[in-house]
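Working notes for the structure below.
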Amino acid sequence: MILEGILAVCQPLTILWIAIGVVVGIIFGAIPGLTATMAIVMFLPVTYSMSASQGIAMLMALYIGGISGGLISAILLNIPGTPSSVATCFDGKPMANKGQAGRALGTGVVFSFVGTLIGIAILIVLAPVLCAFALKFQAYEYCALALFSLSMVVALTGTDMPKGLISAVLGALLATVGLAPIDSRPRFTFDLFQLNNGFALVVLLIGLFFAESVRKKQDFTIEENVKMKGAGFTFAEFLAQIPNAIVSALIGVGIGILPGIGGGVSCMISYTVSKNTSKHRELYGTGIMDGVVASETANNATIGGAVIPLLSLGIPGDPATAMLLGGLMIHNVAPGPLIYEKNGAVVYAIFTAMLIAAVFMLLFMLWGMRFFVSVLKIPKNYLLPIVMVLCGIGAIGNANQLFDTYVMVGFGLMAYLMIKAKIPTVPMILGFILGPTFEQNLRRVSQLASSDPFYNHPIFCVLIVATILVIIFSVRANLKDAAREREQELSE
Amino acid sequence: MKKDKQYKLDIIPGIIIAIFAIFYMSKISGIRVFKSLGATPLTNHFIPWLWGGSMLALSLWLIIRGILKYRKLKALNALPEGESLFAALWEKREVIFSFIALALYVGFMDSIGFVITTCIYTFVQILILTPVNKWGKNFIPALITAIIAGFLLFYIFRVMLNVLLPVGIFGFGL
Amino acid sequence: MGKKFLCAAALLLVLVSSSFAADWPTKTINIYVTHAAGGDTDYMARQLGAQLEKILGVSVVLSNVTGSNGATCMQQYRNGAKDGYTFIATNTAALNGNEATGMVDFGYNAFEPVAVYGIQSGENIVVKASSPYKTLQDLINASKEKPGTIRLGISMGGGVYIMACVLMNIGKAQFNIIEAGDAANRLTALLGDAIDATSIPYSSAADYIEKGELRSLCTVLSKSPTLLPGQPAASDVIPELKLDTEYALLAPKGTPPEIVKAMNDAVMKACATPEWKKIVNDFSWQDPFYFDVEGSIANLKAQRDLFMSLVPILEIE
Numbered sequence: 000m001i002l003e004g005i006l007a008v009c010q011p012l013t014i015l016w017i018a019i020g021v022v023v024g025i026i027f028g029a030i031p032g033l034t035a036t037m038a039i040v041m042f043l044p045v046t047y048s049m050s051a052s053q054g055i056a057m058l059m060a061l062y063i064g065g066i067s068g069g070l071i072s073a074i075l076l077n078i079p080g081t082p083s084s085v086a087t088c089f090d091g092k093p094m095a096n097k098g099q100a101g102r103a104l105g106t107g108v109v110f111s112f113v114g115t116l117i118g119i120a121i122l123i124v125l126a127p128v129l130c131a132f133a134l135k136f137q138a139y140e141y142c143a144l145a146l147f148s149l150s151m152v153v154a155l156t157g158t159d160m161p162k163g164l165i166s167a168v169l170g171a172l173l174a175t176v177g178l179a180p181i182d183s184r185p186r187f188t189f190d191l192f193q194l195n196n197g198f199a200l201v202v203l204l205i206g207l208f209f210a211e212s213v214r215k216k217q218d219f220t221i222e223e224n225v226k227m228k229g230a231g232f233t234f235a236e237f238l239a240q241i242p243n244a245i246v247s248a249l250i251g252v253g254i255g256i257l258p259g260i261g262g263g264v265s266c267m268i269s270y271t272v273s274k275n276t277s278k279h280r281e282l283y284g285t286g287i288m289d290g291v292v293a294s295e296t297a298n299n300a301t302i303g304g305a306v307i308p309l310l311s312l313g314i315p316g317d318p319a320t321a322m323l324l325g326g327l328m329i330h331n332v333a334p335g336p337l338i339y340e341k342n343g344a345v346v347y348a349i350f351t352a353m354l355i356a357a358v359f360m361l362l363f364m365l366w367g368m369r370f371f372v373s374v375l376k377i378p379k380n381y382l383l384p385i386v387m388v389l390c391g392i393g394a395i396g397n398a399n400q401l402f403d404t405y406v407m408v409g410f411g412l413m414a415y416l417m418i419k420a421k422i423p424t425v426p427m428i429l430g431f432i433l434g435p436t437f438e439q440n441l442r443r444v445s446q447l448a449s450s451d452p453f454y455n456h457p458i459f460c461v462l463i464v465a466t467i468l469v470i471i472f473s474v475r476a477n478l479k480d481a482a483r484e485r486e487q488e489l490s491e
Numbered sequence: 000m001k002k003d004k005q006y007k008l009d010i011i012p013g014i015i016i017a018i019f020a021i022f023y024m025s026k027i028s029g030i031r032v033f034k035s036l037g038a039t040p041l042t043n044h045f046i047p048w049l050w051g052g053s054m055l056a057l058s059l060w061l062i063i064r065g066i067l068k069y070r071k072l073k074a075l076n077a078l079p080e081g082e083s084l085f086a087a088l089w090e091k092r093e094v095i096f097s098f099i100a101l102a103l104y105v106g107f108m109d110s111i112g113f114v115i116t117t118c119i120y121t122f123v124q125i126l127i128l129t130p131v132n133k134w135g136k137n138f139i140p141a142l143i144t145a146i147i148a149g150f151l152l153f154y155i156f157r158v159m160l161n162v163l164l165p166v167g168i169f170g171f172g173l
Numbered sequence: 000m001g002k003k004f005l006c007a008a009a010l011l012l013v014l015v016s017s018s019f020a021a022d023w024p025t026k027t028i029n030i031y032v033t034h035a036a037g038g039d040t041d042y043m044a045r046q047l048g049a050q051l052e053k054i055l056g057v058s059v060v061l062s063n064v065t066g067s068n069g070a071t072c073m074q075q076y077r078n079g080a081k082d083g084y085t086f087i088a089t090n091t092a093a094l095n096g097n098e099a100t101g102m103v104d105f106g107y108n109a110f111e112p113v114a115v116y117g118i119q120s121g122e123n124i125v126v127k128a129s130s131p132y133k134t135l136q137d138l139i140n141a142s143k144e145k146p147g148t149i150r151l152g153i154s155m156g157g158g159v160y161i162m163a164c165v166l167m168n169i170g171k172a173q174f175n176i177i178e179a180g181d182a183a184n185r186l187t188a189l190l191g192d193a194i195d196a197t198s199i200p201y202s203s204a205a206d207y208i209e210k211g212e213l214r215s216l217c218t219v220l221s222k223s224p225t226l227l228p229g230q231p232a233a234s235d236v237i238p239e240l241k242l243d244t245e246y247a248l249l250a251p252k253g254t255p256p257e258i259v260k261a262m263n264d265a266v267m268k269a270c271a272t273p274e275w276k277k278i279v280n281d282f283s284w285q286d287p288f289y290f291d292v293e294g295s296i297a298n299l300k301a302q303r304d305l306f307m308s309l310v311p312i313l314e315i316e
C-alpha cells in the first residue's frame with residue numbers, strides 16, 4: 000500500500016504537475032495580493048479532470064509553494080506575499096536593507112524547507128495521537144487559545160503600549176463588520192450587501208502594505224552588488240539555528256493542528272516566542288537570521304500540522320485546507336478515520352507528493368534567488384505601480400468582488416494615517432484574525448457556562464494562566480525596552 | 000525628550016479614534032439581536048461594546064498622555080514651532096496624488112473596464128513617482144509598460160484564470 | 000399613432016428576441032456559482048458546465064461569487080444581464096432557506112428558473128454509537144423525559160436551524176440547543192463529546208458510521224438516496240422535516256423565455272447521458288434528477304411553500 004502510493008506519484012506526468020504546482024504556488028505566494036489560498040481556489044477546478052493522485056499532488060504542491068513564496072516579497076519589498084509571512088518582514092526587510100537580501104532569502108528558503116519537513120514528519124508519525132488531542136479543543140479551549148494568542152499582541156506592541164493596543168482593538172473592531180458569528184445578523188453593514196461578508200484578511204493586508212510602500216519608497220532601492228554564495232550562510236550558522244527552528248516548527252505544527260487559527264498567527268507567535276526566549280532579544284527587528292528562521296520555519300510547519308486533522312478527521316483548519324478537502328472529496332477520497340484503510344494508497348501518495356513538492360520548492364527557490372533579487376533592480380517608479388495593480392487584482396480575485404478594491408483604498412488610507420500617527424499596524428492583523436474566533440467561542444461559552452462550568456476544562460485553565468503570565472512578562476519587557484530607549488535618547 | 004515633543008501625535012489620533020469609537024458604538028443599538036432557538040446569553044451586541052469601549056478608553060489614554068506631554072513642554076518653554084499645513088501637504092504630494100490616482104482607478108474600473116483604466120493608471124502612477132525633470136526621458140517607457148501591463152494582466156487573470164475583472168465598454172468577446 | 004408605434008416596437012422586440020433565441024448561443028456563457036470551489040454546489044455546476052460546453056458548442060465559464068450562504072451572488076446577479084449568457088448555479092436549500100430565515104427578502108420568483116438538475120446525498124441526524132438512541136423517535140422521547148439535558152448541535156440560519164425548529168416546535172422535543180458551527184465543527188463537537196446529537200452531511204459521516212463511532216438515526220431527505228436505500232427518513236417521524244438540497248440553475252429576471260427553454264433543453268440532454276449518471280452516482284449516491292422548466296418551477300415552489308409554512312415556528316423577528 001505504501002509502495003502503491005509512492006508509485007502513483009512517481010510518474011513523469013504527476014511529477015510534472017507537482018513541479019507546475021510548486022512554481023505557480025511560489026508565484027502566487029510571492030505576488031502581493033495573491034495568496035496560497037487563491038492559487039488553490041483557481042486551480043482546484045483544473046484538477047477535477049485529473050486522476051486522484053495527480054490532482055491531489057498538484058493541490059499539495061500549490062499549497063507548499065504558496066506558503067513558501069510569501070517570503071520573497073516579505074524580504075525584498077516588505078510586503079508579505081501571503082498572511083503567513085507577516086512576521087518574516089520584521090527581520091527579513093532590515094536584513095535586505097543591510098545588503099543581506101541574498102542571505103535573508105537563503106535563510107528563509109532553507110528553513111521553509113526544514114519547517115515543511117518537520118511538519119510532514121510529524122504528520123506521518125503522530126497523526127492519530129495528535130487528532131485525539133485536537134478533539135479536546137472545543138469552545139472553552141478555543142476561547143482561551145484566542146485570548147492567549149491575543150496576549151502576544153502586548154509583546155508585539157513594542158514600547159508604545161496604548162498605540163499597540165489601539166491597533167489590535169481596531170483590527171478586532173474591523174472584523175465585527177459583516178454577518179455576526181453564530182446568528183448571522185448583519186452588523187455595521189449600512190445595508191450594503193457586499194459588506195455582509197465582512198472584510199477579507201488579504202484585502203486588509205493589501206491596503207496596509209500599499210500604505211507602507213507609498214510612504215517608504217526609498218526602501219525599494221538596495222545595494223546593487225548583492226553577494227550570492229550558496230544559500231548565503233555558513234553551515235555553522237545553520238547548526239546554531241537548529242534549536243530555534245525546532246521550537247518554531249513545533250509551534251507551527253501545534254497551531255496547524257488546531258482548526259481555525261492558521262499560518263498568519265503561527266508565524267507571529269513563533270517570532271514572539273523566539274524573541275522572548277532569546278539571549279539577545281534587543282537585536283530582533285534589526286535584521287538577524289533568528290527572526291526569519293522563526294517565522295519561516297513555523298509557517299511551513301503549519302502545513303503538515305493542518306493536514307493532520309484534514310486527513311484523519313476530515314476537518315479543515317483554514318480556507319486553504321477547506322479547498323483541499325473539497326479536492327479530495329471530488330476524487331472520491333473521503334478524509335476521516337477510515338482513510339488509511341479505505342484509501343491508504345492515496346494517503347501515502349499525498350505524503351510522497353508533499354515531500355517531492357518540498358524538495359522542488361527548495362530547488363526552485365534557491366535557483367530562482369538571483370532572479371528574485373534582480374526584481375529590485377527594476378526602478379521603483381515602475382515596480383510600484385505594477386505591484387499596486389496586482390494588489391488590485393488580488394483584492395478583486397479574493398471573492399470576485401470589485402467592491403473589495405474600494406475597501407482596499409479605504410484600508411490603505413487608514414493604514415497610511417496610522418503609520419503617520421506612529422501606530423503600529425502588525426497588532427491590527429492579529430486582532431483582525433483572532434477577534435472573530437474569540438467572539439464566536441466566547442458566546443458559545445456563555446451558552447455552556449451554566450451546564451458545563453469552566454473548571455471541567457483543564458486546558459482552558461492552563462491557557463488562561465499562561466495568558467496572564469505572557470501579559471505580565473511582556474509588559475515588563477516592554478517597560479524595560481522603553482527605559483533603555485529613553486536612556487539612549489538622553490545620552491544623545 | 001524627543002518623544003515628548005510628539006504630543007500632537009498623541010492628541011490628534013486620540014481625538015479621531017475617540018470620535019470613531021463613539022460613532023461605532025452609536026451604531027450598536029441598531030443591530031438586530033437574535034432571540035429565538037439557541038440564542039446565546041451574550042448577544043451579538045456584547046463584543047462590539049467590548050471593542051468599542053476599549054477603543055474609547057485607549058483613545059482617552061492617548062489624549063491625556065498628549066496633554067501631559069504638552070504641559071511638560073510648556074512648562075519648559077520648549078514647544079516646537081508649528082509648520083504650515085500647506086507646506087506639509089506639499090511635501091507629501093507624491094502620496095496624496097498616488098491615493099487620488101488609485102481612488103479614480105478603482106472608481107472607474109467598473110464602467111470603463113480593467114484594461115483601459117489599468118493602462119492609464121499605471122502610466123499616471125509611474126509619472127507620479129518619477130521626478131518631474133525626468134518625465135521626458137520616461138514618457139515612452141512608461142507608456143509601453145502601462146500598455147503591456149494592462150493587456151497582459153487582463154489576459155492572464157481574466158482569460159486564463161477567470162478572475163472577474165471588469166470588462167467595461169469593450170467586450171473583448173467576453 | 001402612439002398605438003401603432005407601440006405595436007411596431009412590440010413587433011420589433013419580438014423579432015429581436017426571437018432571432019436572439021434562434022442563434023443562441025453565439026458566445027461564452029457565464030455561470031456564477033453561489034458557493035465556493037470545493038463544495039458540492041460548485042462541483043455539480045462545473046460538471047454541468049462541462050457537459051453544456053459539449054452540447055451547446057460554446058465555452059461555459061464558471062466563476063464563484065461566494066458569501067452569506069449564496070445570498071451575495073444571488074443579490075448581485077438577480078438583475079444581471081438578461082442577454083441569455085448569464086446564469087446562476089445554486090442549491091435550493093440556500094435559495095429557499097435564505098428567504099425563509101429572513102437573510103434575504105426575495106425567493107426563486109426573483110429569477111427565471113431554468114432547471115433543477117440534481118439532488119444532494121443529504122444530511123443525516125447522527126449520535127455517538129455508544130449512546131442508547133436507535134431512532135429519531137428514541138432521541139425525541141429521551142429529550143422529553145429529561146428536558147434540556149440532551150445537547151443538539153446546530154448552526155443558526157441554515158437548514159440545520161430549520162431542522163432544530165421543527166424538532167422543537169412540531170416534534171415537541173426538549174433539547175439543549177447548542178450552537179456548534181458549520182458541518183465540520185459540528186462533527187468535531189460530536190466526536191469531542193461537546194454535543195450529543197447533530198445533523199451532518201452523509202458524506203462526512205459515512206466513515207464514522209462504518210467504523211462504528213457514530214450512528215445515523217435517519218436522513219433528513221424526503222427519501223433515501225437511490226444508492227443508499229433503506230434509511231429511515233425523518234419525515235416518517237415528523238412529516239414537516241424534509242430538507243432536500245437540490246441543485247438549480249437560474250437566469251436573471253427578464254431573460255427571454257425562449258432562451259430559458261433552450262438552456263433547459265440542453266441541461267435535460269446533459270442529464271440524460273450515461274456519463275452524467277456515473278458522475279452523480281459516484282458523487283452523491285443519487286440517480287440523475289432533473290426537470291423541464293415547469294417541473295423545476297413546481298419543484299422550487301413545493302419546497303418554498305414548505306419552508307414558508309415553517310416561518311411562524313422559526314421565530315425570526
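Protein chains in written order, with numbering that gives the first Met the number 0: chain A, 0 to 491; chain B, 0 to 173; chain C, 0 to 316. Yeah, the Cβ is synthetic: ideal placement off N, Cα and C, and Gly gets one too. Being a predicted model, the structure only gives us computed values, none of them experimental.
Check	Outcome
C-alpha gap between Tyr-120(B) and Ala-102(B), whole angstroms	10 angstroms
Residue environment, Asn-95(C), which counts as buried when at least 16 other CB atoms sit within 10 Å	buried
Chain C within 8 angstroms of Leu-36(B), Cβ atoms only	yes
Length of the line joining the Cα atoms of Val-388(A) and Ala-171(A)	28 angstroms
Glu-257(C) to Glu-111(C) span [Cα, whole Å]	11 angstroms
Rounded separation between Ala-99(C) and Ala-100(B) - CA only	44 angstroms
Closest by C-alpha distance to Thr-225(C), when choosing among Thr-25(C), Gln-50(C), Gly-38(C) and Val-279(C)	Val-279(C)
7 angstroms Cβ cut-off: residues of chain A touching Arg-45(C)	Pro-44 and Tyr-47
N- and C-terminal bounds of the beta strand (DSSP E) containing Cys-72(C)	Element bounds for Cys-72(C): not the beta strand (DSSP E) but the alpha helix (DSSP H), 70 to 76.
Residue-chain proximity (Met-57(A), chain C), Cβ-Cβ < 8 angstroms	no
Alpha carbon of Leu-8(B) to alpha carbon of Ala-87(B), nearest angstrom	15 angstroms
Cβ distance (whole Å) where Leu-309(A) is taken to contact Gly-303(A) below 8 angstroms	Actually they do not touch by this definition, with Cβ atoms about 11 angstroms apart.
is_contact[Phe-33(B), chain C] using C-beta, thresh 8 angstroms	yes
Alpha carbon of Pro-334(A) to alpha carbon of Leu-324(A), nearest angstrom	7 angstroms
Environment of Lys-145(C) [buried if 16+ CB atoms lie within 10 Å]	exposed
Which of helix, strand or coil DSSP assigns to Tyr-283(A)	coil
Beta-carbon gap between Tyr-116(C) and Tyr-31(C) smaller than 8 angstroms	no
Phe-110(C), DSSP secondary structure in three states	strand
Minimum C-alpha distance to Asn-380(A) - residue among Val-94(B), Gly-106(B) and Ile-168(B)	Val-94(B)
Contact with chain A by Ala-188(C), beta-carbon distance below 8 angstroms	yes
Best match in Gly-229(C), Lys-53(C) and Ile-28(C) for proximity to Gly-83(C) [C-alpha to C-alpha]	Ile-28(C)
Anticipated Cβ contact below 8 angstroms, Lys-135(A) with Ile-458(A), distance rounded	6 angstroms
Arg-443(A) at chain C interface by Cβ criterion, 8 angstroms	yes
DSSP three-state assignment for Tyr-132(C), whether helix, strand or coil	coil
Residues near Val-264(A) in its chain [Cβ-Cβ closer than 8 angstroms; skip 5 each side]	Ser-148, Ile-254, Leu-429, Ile-432 and Leu-433
Under 8 angstroms by beta carbon: chain C residues contacting Gly-24(A)	Those do not exist, as Gly-24(A) stays about 16 angstroms from chain C at its closest Cβ, beyond 8 angstroms.
Beta-carbon proximity of Leu-12(A) to Ala-35(A), cut-off 8 angstroms	no
Close beta carbons around Leu-309(C), own chain, < 8 angstroms, minus the five adjacent residues each side	Ala-99, Ile-161, Cys-164, Val-165 and Glu-239
Supposed contact pair Ile-250(A) and Val-272(A) - C-beta distance, whole angstroms, cut 8 angstroms	6 angstroms
Straight-line gap, Gly-261(A) to His-456(A) (C-alpha atoms, nearest Å)	23 angstroms
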